[in-house]
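Shown next, in structure tokens, is the structure this report addresses.
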Amino acid sequence: MLTLKAVREEELPAIYAGMQENFAREEIRDRDAFFAQFHAQGYRLMHLADGDANVGFIGIWELEGGAYVEHIAVYPAFRGKRYGSDAVRAVQAAFGALVLEIEPPRTPDQIRRLHFYERLGFVVNPVDYLQPPYREGDAPLPLLLLSCPAPLGARTQAVVRQIYERVYGLKGGVLACS
Numbered sequence: 786m787l788t789l790k791a792v793r794e795e796e797l798p799a800i801y802a803g804m805q806e807n808f809a810r811e812e813i814r815d816r817d818a819f820f821a822q823f824h825a826q827g828y829r830l831m832h833l834a835d836g837d838a839n840v841g842f843i844g845i846w847e848l849e850g851g852a853y854v855e856h857i858a859v860y861p862a863f864r865g866k867r868y869g870s871d872a873v874r875a876v877q878a879a880f881g882a883l884v885l886e887i888e889p890p891r892t893p894d895q896i897r898r899l900h901f902y903e904r905l906g907f908v909v910n911p912v913d914y915l916q917p918p919y920r921e922g923d924a925p926l927p928l929l930l931l932s933c934p935a936p937l938g939a940r941t942q943a944v945v946r947q948i949y950e951r952v953y954g955l956k957g958g959v960l961a962c963s
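Residue numbers (my numbering): 786 to 963.
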């Protein structure tokens, strides 16, 4: 049975290595920023655990009325066993509404990822969304903004503003959202 358990600070190097293996460089912070983020208000980094085995991790930010899933990964040896689905359901049970970003579906992996989230009840919000860069000098990344259990609708601007401010540190600004 999958449980979520808090990551301890001494486990951060292993989690960061897992991030580097599972996400593109432009989708994660550099090491120092990641370690600093661990202590940010409203941020939770948790292991996906099955008994004593850590099968993956999830990083979430609390938002007004829900949460933003910044990263979720199941380690390769444990994929295909419903851990990702169980983790998303557990976070939704704890926080209610969820929001996350994914790449537009162009490759088979990206298409599979979109279908995975759609099966869990996520919908693509009709918004031109840019992920702010994690590193100075990088360009914003065009992504899809998904939400569950319903589209953001009139709350889109407010939710994007919360994400930009809390997750990316852009105080009072929105890159693009229409």
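In this text, a Cβ means the ideal position worked out from N, Cα and C, and glycines have one as well.
Where the beta strand (DSSP E) through residue 813 begins and ends: Unbroken run through residue 813: none, as it is neither H nor E.
Same chain only: Cβ atoms within 7 Å of residue 852, ignoring 5 sequence neighbours per side: Around residue 852: 845, 846, 876, 880, 883.
Nearest-angstrom beta carbon gap, residue 823 and residue 968 [assumed within contact, 8 Å]: No information on residue 968 is available, as it lies outside the stretch 786 to 963 that the chain covers here.
Contiguous beta strand (DSSP E) assignments of at least 3 residues, all confined to the stretch 880–949: Taken in chain order, the whole beta strand (DSSP E) runs of length 3 or more contained in the stretch 880–949 are 882–887, 914–916, 926–933.
Among 809, 863, 940, 802, the one whose alpha carbon lies nearest that of residue 911: Nearest neighbour of residue 911 by Cα position, chosen from 809, 863, 940, 802, turns out to be 940.
Buried versus exposed, by CB contacts within 10 Å (16 or more), residue 896: Exposed is the call here.
Between the CA atoms of residue 860 and residue 867 - distance to the nearest angstrom: Residue 867 and residue 860 have their alpha carbons spaced roughly 12 Å apart.
9 Å Cβ cutoff met for residue 805 and residue 813: Cβ distance < 9 Å, so residue 805 and residue 813 count as in contact.
Beta-carbon proximity list for residue 964, same chain, < 7 Å, skipping 5 on both sides: Residue 964 lies beyond the stretch modelled for the chain, which goes from 786 to 963, so this question has no answer here.
Cβ pair residue 817, residue 919 closer than 9 Å: Not a contact, by the Cβ cut-off of 9 Å.
Per-residue DSSP class, three states only, for residue 961: With a pLDDT of 48 at residue 961, under the threshold of 50, the modelled position of this residue cannot be trusted; read the value that follows with caution. DSSP, read as helix, strand or coil, puts residue 961 in coil.
Close-in-space but distant-in-sequence residues of the same chain around residue 855 (CB under 7 Å, 5 per side omitted): Here the set comprises 844, 845, 846, 952.
Coarse secondary structure for residue 858, derived from DSSP in three states: Strand.
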